[in-house]
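With full-length UniProt numbering, you'll find the sequence shown wraps up at 271, consecutive numbering, no jumps.
Data first, discussion second: the structure below is written as structure tokens.
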Amino acid sequence: MDATQIKDAAQFIQKQSTNQPSIGMILGSGLGVLADEIENPVTIKYGDIPHFPESTVAGHKGQLVIGTLEGKQVIAMQGRFHYYEGYSMQQVTFPVRVMRELGVETLFVTNAAGGINENFNAGDLMIISDHINNMGDNPLIGPNDEKLGARFPDMSKAYDGQLATHAKACADRLGLKVQQGVYVGNTGPSYETGAEVRMLRTLGGDAVGMSTVPEVIVANHAGMNVLGISCISNMAAGILDQPLTHDEVIETTQQVRQDFLNFVKETLKTL
Ligand code: HPA
Numbered sequence: 001m002d003a004t005q006i007k008d009a010a011q012f013i014q015k016q017s018t019n020q021p022s023i024g025m026i027l028g029s030g031l032g033v034l035a036d037e038i039e040n041p042v043t044i045k046y047g048d049i050p051h052f053p054e055s056t057v058a059g060h061k062g063q064l065v066i067g068t069l070e071g072k073q074v075i076a077m078q079g080r081f082h083y084y085e086g087y088s089m090q091q092v093t094f095p096v097r098v099m100r101e102l103g104v105e106t107l108f109v110t111n112a113a114g115g116i117n118e119n120f121n122a123g124d125l126m127i128i129s130d131h132i133n134n135m136g137d138n139p140l141i142g143p144n145d146e147k148l149g150a151r152f153p154d155m156s157k158a159y160d161g162q163l164a165t166h167a168k169a170c171a172d173r174l175g176l177k178v179q180q181g182v183y184v185g186n187t188g189p190s191y192e193t194g195a196e197v198r199m200l201r202t203l204g205g206d207a208v209g210m211s212t213v214p215e216v217i218v219a220n221h222a223g224m225n226v227l228g229i230s231c232i233s234n235m236a237a238g239i240l241d242q243p244l245t246h247d248e249v250i251e252t253t254q255q256v257r258q259d260f261l262n263f264v265k266e267t268l269k270t271l
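Shown next as structure tokens:
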């Protein structure tokens, strides 16, 4: 995925919408409903955008929604691309490059994740303080285009501290309890074993999922500020004596959807 392809995709999107979004949002499993609240929306199917891959997983819609939310011009991905679907890291992160090209400076990244921290409960929201890339790959491997970012980008502030503090204050104002913690990115698509979850806890993880890490690496490479929010859709394997299913993940995210919506909207409104 090179600079020309990024420009092609961005130009195509600019032809459909005259908006100048400065905030991008990636909406994870079951969380895409937030995009339904965008006013005066222009929706563009991923399949129509040059060089965009197409989303395959159930519960993901596969379109960009551009418009106004809480008075802010936003561009939202309703559904994302996952590494486990067989896309390369470069394909998974292509939309982030395109958002940057469109002028996006702040990226809200959301996901459903399994709780590793035993103080968490299914249904909790978690502000991501940091991540662990456990995917065995990196979207920046390969030749580096200096116009897009540095060869060796700093990741010591991968998630913007000020945005996280702001989000926490918004949650407090709404009376919402939010956790804060470290997100571990695994490739999936199999869920973890109990032993893997114990390992990830020892390594410092609080939640585990199959996304987010590639997009956040690229967002940092591109100089964007990132706010990450996980919806703890289940406790990770081995903590409770019950098998995990994708249905449970979707069901829980639907139960906390109103809290999630209120939280993100308040965070946006007062940004
Ligand atoms: N593990 C990995 N990914 C997930 C989980 C989980 O328990 N829940 C939602 N996404």
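By construction, the Cβ of each residue, glycine as well, lies at the ideal position given by its N, Cα and C atoms.
Test item: CB-CB of residue i and residue j under 8 Å
i: Gln-20; j: Gly-71; result: no
i: Asn-225; j: Thr-106; result: yes
i: Val-256; j: Leu-125; result: yes
i: Thr-43; j: His-166; result: no
i: Gln-90; j: Phe-81; result: no
i: Asp-160; j: Leu-203; result: no
i: Met-135; j: Gly-194; result: no
i: His-51; j: Gly-149; result: no
i: Phe-260; j: Leu-174; result: no
i: Ile-116; j: Ile-229; result: no
i: Val-98; j: Ile-38; result: no
i: Asn-133; j: Val-249; result: no
i: Gln-179; j: Phe-120; result: yes
i: Ala-171; j: Val-96; result: no
i: Gly-123; j: Thr-270; result: no
i: Glu-215; j: Val-109; result: yes
i: Met-1; j: Phe-94; result: yes
i: Tyr-87; j: Pro-189; result: no
i: Ala-169; j: Ser-129; result: no
i: Ile-239; j: Glu-118; result: yes
Unbroken alpha helix (DSSP H) run spanning residue i, endpoints
i: Val-216; result: 213-221
i: Val-98; result: 89-101
Boundaries (first-last residue) of the beta strand (DSSP E) holding residue i
i: Ile-128; result: 125-133
i: Gly-228; result: 225-235
i: residue 327; result: Outside the modelled stretch of the chain, which goes from 1 to 271, sits residue 327, for which no answer is possible.
i: Gln-242; result: That residue, Gln-242, is in no beta strand (DSSP E); it is neither H nor E in DSSP.
i: Asn-65; result: The displayed chain sequence assigns Val, not Asn, to residue 65. Taken as a continuous stretch (DSSP letters only), the beta strand (DSSP E) holding Val-65 covers 63-69.
i: Val-74; result: 72-78
i: Gly-209; result: 207-209
Integer-rounded CB distance, given that residue j should sit under 8 Å from residue i
i: Ala-236; j: Val-197; result: 4 Å
i: Lys-45; j: Gly-32; result: Incorrect: roughly 14 Å between the Cβ atoms, too far for contact.
i: Val-65; j: Ala-35; result: 4 Å
i: Ala-10; j: Glu-101; result: 4 Å
i: Ile-217; j: Pro-139; result: 6 Å
i: Gln-254; j: Gly-67; result: Gln-254 to Gly-67, Cβ: 23 Å. No contact.
heavy atom of the ligand ZN below 7 Å from residue i C-beta
i: Met-210; result: As far as ligands go, the structure on display features the ligand HPA and does not contain the ligand ZN.
Minimum Cβ-Cβ distance from residue i to chain C less than 8 Å
i: Asn-144; result: Within the model displayed, chain C is absent; a lone protein chain is all it includes.
- Given 8 Å as the limit, is there contact between the region 195-212 and the region 155-167, that is, 3 or more CB pairs closer than that? Between the region 195-212 and the region 155-167 there are fewer than three inter-stretch CB-CB distances shorter than 8 Å, so the stretches are not counted as touching.
- Counting only runs that start and end within the region 13-61, where is the beta strand (DSSP E) found for 3 or more residues in a row? List check, beta strand (DSSP E) in window: 23-27, 39-45.
- Touching by the beta-carbon criterion (3+ pairs, under 8 Å), the region 74-90 and the region 22-39: As far as the Cβ criterion goes, the region 74-90 touches the region 22-39, which means the pair count is three or higher.
- Item | Segments assigned alpha helix (DSSP H), at least 4 residues, entirely inside the region 109-197 | You should have 161-174.
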